[in-house]
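Each remark here refers to the structure printed beneath this line.
In our numbering, the protein residues as written are 6 to 122.
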């Protein structure tokens, strides 16, 4: 009896908190899209308003979207991905978004005839 109660108590959090993998992946995809949207909006804004070198603006855009990044990181962690997989996934997102934001900022600066010093 005690053994079955202990097993039930041990498994209960997993069952209660455990969304299926597909549902958790959908939540991660939604959070990733929110993060990407924030980065795109931030890069557009900074590109329009600030005539500075892109290398100064991209970190600012990442900083502006810290809340969305944290939500995404927590969801990836909660899905149970191995730490190395989480690091790889989040690193690849950052790398891709750096390229995207660089292009957005440059497009905005060209449209505004901005020439950073």
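Cβ atoms here follow ideal geometry from the backbone N, Cα and C, with glycine treated the same way.
For the putative contact between residue i and residue j, defined by C-beta atoms under 8 Å, what is the C-beta separation to the nearest angstrom?
{"i": "residue 39", "j": "residue 73", "result": "5 Å"}
{"i": "residue 52", "j": "residue 114", "result": "5 Å"}
{"i": "residue 95", "j": "residue 32", "result": "Not confirmed; about 16 Å, so no contact."}
{"i": "residue 36", "j": "residue 76", "result": "5 Å"}
Which residues bound the alpha helix (DSSP H) around residue i?
{"i": "residue 43", "result": "26-54"}
{"i": "residue 99", "result": "88-116"}
{"i": "residue 69", "result": "59-69"}
Cβ of residue i within 9 Å of Cβ of residue j?
{"i": "residue 78", "j": "residue 99", "result": "no"}
{"i": "residue 62", "j": "residue 106", "result": "yes"}
{"i": "residue 48", "j": "residue 27", "result": "no"}
Candidates the options: which alpha carbon is nearest residue i's?
{"i": "residue 70", "options": "45, 31, 57, 88", "result": "45"}
{"i": "residue 109", "options": "58, 89, 35, 34", "result": "58"}
{"i": "residue 25", "options": "111, 49, 42, 84", "result": "84"}
{"i": "residue 102", "options": "111, 82, 41, 60", "result": "41"}
{"i": "residue 68", "options": "86, 88, 43", "result": "43"}
{"i": "residue 111", "options": "89, 30, 60", "result": "60"}
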